[in-house]
Structure formats: structure tokens, C-alpha cells
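Residue numbers (our numbering): 111 to 678. Here the structure is laid out as C-alpha cells; the discussion comes afterwards.
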């Protein structure tokens, strides 16, 4: 199969055109500050391929102006499939539990039938271990089966060239994973020349445990390229993503990062001698470090609809990236430009990265609101037309009806109050309405602390994202983290001896656990000194200190540390 080349953008500094081969691709960068969605849109539009994207979070602004299709799902009940579901809920690989899973799936054609079998087997078993397995699987199926039965799914994928979007925001993460996996399986077995974008890859293709998406991603990657099917992995950062699919990706498009560990991972991927850490922290919107095969370039990605001349000028620093926003086809996605809101026209000349980032964030929020207002405006216009039509029909009915009820009303009113006509009644109603209007209270405007609310939302989102990673840890990692939390600082050998007893040689698994805890931001391990420090407080202070006081940071640390406690 011949190699497909498409234009990615222009090299920063020289303005040279940068081409990329269409292949499995990783795109990372800070949400709303890097331009990942705009980059995906640009690549797909110039590749002239069909693509499938998934919206997984409520309020997500990406891919709003593209064709939405019904979520695709084909239900399975074979034991291999159910085993992956159990691995996802247990957050560990299944070993000797397979015979129990085979028994639960025997003779079944749907997950509802599997659920009934599991409930029967759990009630009959006398062994604690098998009961635990059946209980875990039962609780998982109780989550996904009602959703599968309640929601409407498509049995085929009817795609057009360009981006086709499945909205999964009303589903739990468990069902989202099943839909994405089912879509991947259909694409690899029935379609060609199709791009599939996996969102929130750290959640759906995690390191250290299986999910339905992760287990099928390897098959998709190994079989897909030969028939023109490619996997695009979209994530805020590299940490937490399983390394198998990453190793198969020939294109790495790495955007802005601020967190120290993630910056170092980007440098290691590129080669530490080739780029400075500060350069990664300060990458402007739409600018990426692109690793395309063996070639490494700093690139400004040309958005879809923007003339090449404008993109080259941005790459060479002759005009700011915001100028490209005037030419973009739509305001959707996380890379919305300030030219669409014009907020900078009302502000003085700003200096400093922090002030500029704040303005960029406000511009993005305003652009999203504009998009919502347009949708509401369309709904209001439709309702207005419907109201006018209904009112006209009602007026015609009223004019046509001089019914028995109307005549009865005219005769009944004088009977209740002699000499009182229907005109007198109408006059009395008008007087009462005037009294109500006079006593109606005026509108009161309330002062809202916008900055304070923004800070609360930012903190809650940040803490929630860290909390999700902590909850994904297995019991062994949680116990290790508890020990380090209480010790605050402990030597490597002492920790291993405390956890495993004796003076045996430290295993490779132990070092892997330390690396996972480092990636979760709970500890820092110094290879030089061999000392392990509790690092959550320092991480939170570094990320939140500029906007929050010590009390708020301490509250965030206490809450996140409490997630290590076992559920009561």
C-alpha cells in the first residue's frame, strides 16, 4: 500500500512546509491551551479520509460542528469478552478465574443472560473467592446492562468523508469503553481508509490494567495500517497510557505542557539535548513538537480553512497565531481563536504569559457561549414560528365557535349576580390585572464573583482529574502510598523491607510500582539518594499556588490522600 503524505503545517522559524505520513498517531497537550482538536480537524480534512471521534465528557466543546451519528454497539457474551469486562472492573489481570467466567457465559447470547447466570452462580457458590469474582462481575453488569437496554444503538456504521462524531456523554465510562471497542472491531473487520480517534487515552488505554479498548487496540494497530485504518490517540499527557500502542505510533505531535514530570517525559521522547524544558512549557497555541518517523520539527499546525500564506507567517513569527482565527471554518474545538470574540480590543496591552493565558481562557469560554447562544437562537426561532402557527389556528377556532357553552355563560352570569353581564366580568378582570402589575417586584441584579467561581471550577476539575488517577491504583500501590504518606521520607530498602519483609533483593516490580506512584504525583523517588518522599503537597502547591492559598491547597491534599482509604 502506497504511503499517504499530507501537509501538517510549517516549521517554526524557517516557514518550511512540513509533511507527515498518514500513520498511527499520538497527539498530546494541555486542554484548551495547545490546540489538539484543531490539529485533529486539520489532519483529517487534508487526509480526505473518514474519521470517527467520540465525545465522552459533558460540556466538551470539541467536534461540535460535525456530523453526529448514533453510537454503534454490537453486544457479545463470549467468555473472552466478559473476561475483559471483569479485568476492567477488578483493575487487574485475570489469572485462574477463567473457568468461573466460562461457566457464567455458557449458553448465553446477551449480557442480560450473563448477569442472570452470575446471580444464580453467586447464590449457589460456597467458596469466598469465587463469590467475590461473581459479585464484582454482577455489580459491573448492573451498571452497563440497564444502559445497553435503555439507550439506542446503531448496528451499522454509515460514515461520510470527514469527521463523524458519536456523543457518549450520557454513558458511564464503563459503557463508553464498550462502545469504543465495538466500533474499533467493526472498523477493522468491515471498513478501510478510516481514522479512529480514542479520547482520554489514559482512561481507555491505561497502563497496568486491561480495558475492552486497550485489549482491542493492539489488534487494531497491528491489522489496521495494511488496509488504511489508523488509530489516533488523544490525551492531555503521556503518563498513564499503556506503552504498547504508543510504541506502534510513527507520529508524535506533542503540545504545551506545564507539569515538571510531563515536561521531562516529552524531552526524553524527543532527546533531552534537542529541546529545553522552558520551550515545552511556553509553546503557543497551535505550536507542537512533531516527531514524524525519525524527523523532529517544531511546527505550527495549519488549521483547516486557513490560507498557507497566513500559516507560514505565523510559523515565522511575523503575525500572532490569533490572526489565523479570522480564516478558520468554524469556532468549534479547544483552539478557538480570540478573533472570534474580540475581547482583546477592550483590554490594555498585556504583558506576561500568565495574563495572556488568562485572556486566552476567557476567549475560549466566550466563544463557547457564542456557539451555545446560536443554538438557542435557532431553537427560539423555531418555537416562535410554532407559536405563531398555533395562535392563528386557535384564533380561527375561537371565531368559528359561538357554541352552546358561550351562550350558557352569558345566561349564567346574570343568574349568579343579577344585572352583571360578561362585559362587566371582563372589566373586573382588567382591573385585577392592573393591580397585579402595579405590585410586581422589579428585577434585582446580583453581583457575581466571576473570578472566584472560575477558580473553584478550575480547582474542582484539577482535583477530580488527579483523584481519578489515584482511584485507578491497585491495593498494593495504595498500601505503598500509605506507608510513604506516614513516613514522609523513607529509604528505598527500608520501604521494601517494610512491605515485603526480610532482606531479599528488591524486585523489578517494586521499581515499576514506584514509577507508577511517581506518575500519579504521590511520591518522588531519587535514584541518587535512594530516598522516597511524599510529593502530593509539593505537586499541588506548584500547580495551584498561584491561584489558591495554603488552606485550599491543604484541603485538596487531604481530600486526595483520603481516596487511598478503603471503602467502608
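Each residue gets a CB set at the ideal place from its N, CA and C atoms; glycine is no exception. Only a predicted model underlies this, so the values are computations on that prediction, with no experimental measurement involved.
- Query: Cα-Cα, which of 263, 571, 386 is closest to residue 179?
  - Reply: Of the candidates 263, 571, 386, the one whose C-alpha sits nearest the C-alpha of residue 179 is 263.
- Please determine, among 654, 603, 175, 655, the residue with the shortest C-alpha to C-alpha distance to residue 636. Comparing alpha carbon positions, the residue from 654, 603, 175, 655 closest to residue 636 is 603.
- Query: DSSP beta-bridge partners for residue 407?
  - Reply: 400
- Could you check the C-alpha separation between residue 444 and residue 149 for me, to the nearest Å? Reliability fails at residue 444, whose pLDDT of 40 lies under 50, so the model's placement of it is uncertain and the value that follows must be treated cautiously. Cα to Cα, residue 444 sits roughly 10 Å from residue 149.
- Please list, in chain order, all residues of the same chain as residue 533 whose beta carbon is under 7 Å from its beta carbon, the five residues on each side excluded. none
- May I ask which residues mark the beginning and end of the beta strand (DSSP E) holding residue 416? Counting along the chain, residue 416 falls outside any beta strand (DSSP E), and DSSP gives it neither H nor E.
- Message: Going by the DSSP bridge assignment, what does residue 116 pair with across the sheet?
- Response: 130
- What's the call for residue 456, buried or exposed, on a 16-neighbour Cβ count within 10 Å? The predicted position of residue 456 is uncertain, since its pLDDT is 46 and thus under 50; a value taken from the coordinates is nonetheless stated next. Exposed: under 16 other Cβ atoms inside 10 Å.
- Message: Excluding the 5 residues flanking residue 593 on each side, which residues of the same chain have their C-beta closer than 8 Å to its C-beta?
- Response: 600, 605, 608, 609
- Query: Would residue 390 pass as a contact of residue 357 if the rule is Cβ separation under 9 Å?
  - Reply: If you check the CB distance, residue 390 and residue 357 do not come in under 9 Å.
- Under three-state DSSP, which class holds residue 535? helix
- Could you give the residue range of the alpha helix (DSSP H) that holds residue 586? 585 to 597
- Query: Quick one, are the C-beta atoms of residue 412 and residue 129 less than 9 Å apart?
  - Reply: no
- Query: Measuring CA to CA, which of 159, 146, 184, 189 is closest to residue 173?
  - Reply: 146
- Item | Sub-9 Å separation of residue 418 and residue 438 beta-carbons | no
- Query: What's the gap between the Cα of residue 340 and the Cα of residue 360?
  - Reply: 11 Å
- Item | Distance between residue 510 and residue 499 (C-alpha atoms, nearest Å) | Rounded to whole angstroms, residue 499 to residue 510 spans 17 Å at the Cα level.
- So which of 266, 410, 666 has the shortest CA-CA distance to residue 292? Minimum Cα distance to residue 292 is reached at 266.
- Query: Does the Cβ of residue 536 have 16 or more other Cβ atoms within 10 Å, making it buried, or fewer, making it exposed?
  - Reply: exposed
- Item | Beta-carbon gap between residue 182 and residue 258 smaller than 9 Å | no
- Item | Inter-residue CB distance, residue 162 and residue 299 (contact presumed, cutoff 8 Å) | At roughly 14 Å, the Cβ-Cβ gap does not stay under 8 Å, so residue 162 and residue 299 are not in contact.
- Exposure label - residue 294; buried when at least 16 CB within 10 Å: buried
- Message: Could you check if residue 264 belongs to the surroundings of the ligand COA, using beta carbon to heavy atom distance under 8 Å?
- Response: Absent from the structure shown: the ligand COA. Ligands present: none.
- Item | Per-residue burial, residue 336 [other beta carbons within 10 Å of its own, 16 or more giving buried] | exposed
- Do the CB positions of residue 225 and residue 196 come within less than 9 Å of each other? Their beta carbons are not under 9 Å apart, which means residue 225 does not touch residue 196 by this criterion.
- Task: Hey, could you find the ends of the beta strand (DSSP E) residue 233 is sitting in?
- Result: Here residue 233 belongs to no beta strand (DSSP E); instead the alpha helix (DSSP H) covers 221 to 234.
- Item | Span of the alpha helix (DSSP H), counted from its first residue to its last, around residue 580 | 560 to 581
- Message: Taking 7 Å as the limit between beta carbons, can you name the residues of its chain near residue 384, skipping five residues before and five after?
- Response: 406
- Query: Where does residue 667 land, buried or exposed, given buried means 16+ other C-beta within 10 angstroms?
  - Reply: buried
- Under the assumption that residue 248 contacts residue 232 (Cβ atoms under 8 Å), give the Cβ distance between them as a whole number of angstroms. 6 Å
- Query: Rounded C-beta distance between residue 670 and residue 573? I'm assuming under 8 Å.
  - Reply: 7 Å
- Run of the beta strand (DSSP E) containing residue 272, from where it starts to where it stops: 272 to 277
- Closest by CA to residue 342, which one among 368, 371, 309? 309
- Over the uninterrupted alpha helix (DSSP H) stretch that includes residue 390, give me the two end residues. 387 to 391
- Query: With a CB to CB cut of under 8 Å and the five nearest residues on each side skipped, what residues in its chain are close to residue 62?
  - Reply: Absent from the model: residue 62. The displayed extent of the chain is 111 to 678, so no value can be given.
- Message: I need the DSSP call for residue 394, collapsed to helix, strand or coil.
- Response: Here residue 394 sits in coil by DSSP.
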